[in-house]
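The sequence shown: position 210 = 244 (the numbering used here), numbered continuously.
All residues carry an ideal CB built from backbone N, CA and C; glycine is no exception.
What you are looking at is a predicted structure, and each value in this text was computed from that prediction instead of being measured.
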Amino acid sequence: MTQSQYKALSVDDAVTYARTIPDFFAQDADLICEEIGDGNLNLVFRIKDSISGKSLIIKQALPYAKVVGESWPLSLDRARIEREALIIQHSHCPDLVPAVLGGDSELAITVMEDLSQYTIMRKGLIEGNVYPGFAEHIGRFIATTLFFTSDLGMNQQHKKTQAASFSNPDLCKITEDLIFSDPYRNSDNNNFTEDIRNETERLWNDPELHFEVALLREKFLTHGEALIHGDLHTGSIFIREESTKVIDPEFAFYGPMGFDLGAVIANLLLNYASQPGWSSDMKTLEARRDWLLSAIRSVWEQFEYRFRTLWNDECQDPVFNSTGYQDFYIRKLLQDSIGFAGCKVIRRIVGLSHVADIDAIADESLRHQAKITALQIGTALIKGGRSAQSIEEVILAAKTAAEKEGVAI
Ligand code: ADP
Ligand code: MG
Numbered sequence: 035m036t037q038s039q040y041k042a043l044s045v046d047d048a049v050t051y052a053r054t055i056p057d058f059f060a061q062d063a064d065l066i067c068e069e070i071g072d073g074n075l076n077l078v079f080r081i082k083d084s085i086s087g088k089s090l091i092i093k094q095a096l097p098y099a100k101v102v103g104e105s106w107p108l109s110l111d112r113a114r115i116e117r118e119a120l121i122i123q124h125s126h127c128p129d130l131v132p133a134v135l136g137g138d139s140e141l142a143i144t145v146m147e148d149l150s151q152y153t154i155m156r157k158g159l160i161e162g163n164v165y166p167g168f169a170e171h172i173g174r175f176i177a178t179t180l181f182f183t184s185d186l187g188m189n190q191q192h193k194k195t196q197a198a199s200f201s202n203p204d205l206c207k208i209t210e211d212l213i214f215s216d217p218y219r220n221s222d223n224n225n226f227t228e229d230i231r232n233e234t235e236r237l238w239n240d241p242e243l244h245f246e247v248a249l250l251r252e253k254f255l256t257h258g259e260a261l262i263h264g265d266l267h268t269g270s271i272f273i274r275e276e277s278t279k280v281i282d283p284e285f286a287f288y289g290p291m292g293f294d295l296g297a298v299i300a301n302l303l304l305n306y307a308s309q310p311g312w313s314s315d316m317k318t319l320e321a322r323r324d325w326l327l328s329a330i331r332s333v334w335e336q337f338e339y340r341f342r343t344l345w346n347d348e349c350q351d352p353v354f355n356s357t358g359y360q361d362f363y364i365r366k367l368l369q370d371s372i373g374f375a376g377c378k379v380i381r382r383i384v385g386l387s388h389v390a391d392i393d394a395i396a397d398e399s400l401r402h403q404a405k406i407t408a409l410q411i412g413t414a415l416i417k418g419g420r421s422a423q424s425i426e427e428v429i430l431a432a433k434t435a436a437e438k439e440g441v442a443i
């Protein structure tokens, strides 16, 4: 099939395709199919054997972004990138990534394990759940997938070839525009409510902030350190109490490692900022916020512990074992992560695409307050990232913003 024969699958087409997956469904199985996607760029079908209950997922990329109609074309090659990234990530962390069962680059399809028994973490956090295994899981996912796709942990010539095959210009441009440009100027793509116009205009007129954003944008554009997930927010994490699965790496490319850590930190902070809108009393609010901040600390600690262990045990390049280099590298990674986290918080408040943690708060004044808190945290992280020495600086930025709230619940 050539690319011009691409067509968006109907529910019946998805069933027909599912039957071609070897050794999965019985030949005469009665298959039922639903389109369950909630994203803006893709179709997601669940195909289930009505008798045995056995099921799989088919995800298909659409040739345009639904959010802005058909006018924003997107390369279908991102489906291949997503599938190949899932396969690589699964090879490094089989318990943390769904298994890929098949796929077709021309149809822009990935067939994978059905994770319907899991909850999307953003929803779980909004409901007030806490996840004791999360920090170890996500710290290990980030450390392992990044280490083994970087110049530290893989053959450096093979890495160059791999980086070329993960060139992802369309999806990178979305990030470059929506995260590293639009929020800092009066762009048509921005999407903010009038009650935060003053705070938003302050972002447009802050040279110190713009300088830091320029440095972070440059890092995103030029630092091909490892195969990053590229969109590691809490909507790309499926979770249960004892298990975590990372999905949706269609933004994967060779980029700066801190971008994935920053995404996780930012989304925990957005939930932190939103908590007065979701917690029923002060005690609950405090407990949930404490958990979120300790999760941020633990994600970093778990990441650092794993990454240093891998480096000490498996580094491919003896020059990188020079005295002091590992400490220097880890500090730079922390600083990048904090800066990227700040950009990712701000884009969800004034940029095109928001998060339910904040926007779904019913009470208008609590919703307003959550946006203000998030903008304060985001700005502090961007300005403070480059000089940060410890993850505690993130915790302090969050607490400082919360102290200014004066929220009565
Ligand atoms: P998008 O890139 O369009 O956001 P996602 O990969 O995030 O696509 O999938 C959108 C939604 O489809 C998810 O939020 C989830 O509800 C569902 N989904 C995706 N992959 C799976 C899976 N492997 N198992 C179960 N549900 C899935
Ligand atoms: Mg998604």
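When Asp222, Tyr218, Asn225 are compared, the shortest CA-CA separation from Asn239 is found for Tyr218. The C-beta separation of Gly385 from Asn202 comes to about 20 Å, leaving the pair out of contact by the 8 Å criterion.
The alpha-carbon of Glu69 is positioned some 28 Å away from that of Leu212. Where Tyr288 is concerned, the enclosing beta strand (DSSP E) starts and stops at 287-289. Cα atoms of Ala432 and Asn301: separation of roughly 12 Å, rounded to the nearest angstrom.
Distance from the CA of Glu437 to the CA of Gly412, rounded to the nearest whole angstrom, comes to 15 Å. By the CB criterion at 9 Å, Thr268 and Asn305 fall inside the cutoff. Placement of the Cβ of Glu161 at a distance of 8 Å or more from every heavy atom of the ligand ADP is found. Taking a cut-off of 8 Å on C-beta distances, the region 369-380 touches the region 413-430, as three or more cross pairs fall below it.
In the three-state reduction of the DSSP assignment, Asn76 falls in the strand class, which pools E and B. Under DSSP, Gly136 takes part in a beta bridge, and its partners are Val145. By the neighbour-count criterion, in which a residue is buried when 16 or more other Cβ atoms sit within 10 angstroms of its Cβ, Thr343 is exposed. Annotation: the region 309-386 contains the following complete segments of the alpha helix (DSSP H) (minimum length 4 residues), in chain order: 316-348, 359-384. If you check the C-beta of Pro132 against the ligand ADP, you find a heavy atom less than 8 Å away.
The C-alpha of Gln191 lies about 14 Å from the C-alpha of Leu261. Just measuring C-alpha positions, the residue of Ser139, Thr234, Ala394, Thr434 sitting nearest Arg114 is Ser139. Taking C-beta atoms under 8 Å as the contact rule, Ile160 and Asp391 qualify, at a distance of about 6 Å.
For the pair Gly136 and Ile55, the CB atoms are nearer than the 9 Å cut-off.
If only complete runs of 4 or more residues are kept, the region 202-234 shows the alpha helix (DSSP H) at 203-212, in order along the chain. With a cutoff of 9 Å on beta-carbon distance, Gly264 and Leu205 are scored as near each other. For Ala297, the closest alpha carbon among the candidates His171, Ile81, Ser371 is that of Ser371. For Ala60, no alpha helix (DSSP H) segment is defined, and its DSSP state is neither H nor E. In this structure, the alpha-carbon of Gly187 lies about 18 Å from that of Phe200. Under DSSP, Gln94 takes part in a beta bridge, and its partners are Leu77, Ile143. At least one heavy atom of the ligand ADP lies closer than 8 Å to the C-beta of Glu284. A residue is called buried when at least 16 other Cβ atoms come within 10 angstroms of its Cβ; Tyr51 meets this threshold and is buried. By a beta-carbon distance limit of 8 Å, Phe254 contacts Phe214. Their separation comes to about 6 Å. Distance from the Cα of Met155 is smallest, within the candidate group Asn355, Glu275, Thr144, for Glu275. Judged by beta-carbon spacing, Pro132 lies beyond the 9 Å limit of Ile271, meaning their Cβ atoms are not closer than that value.
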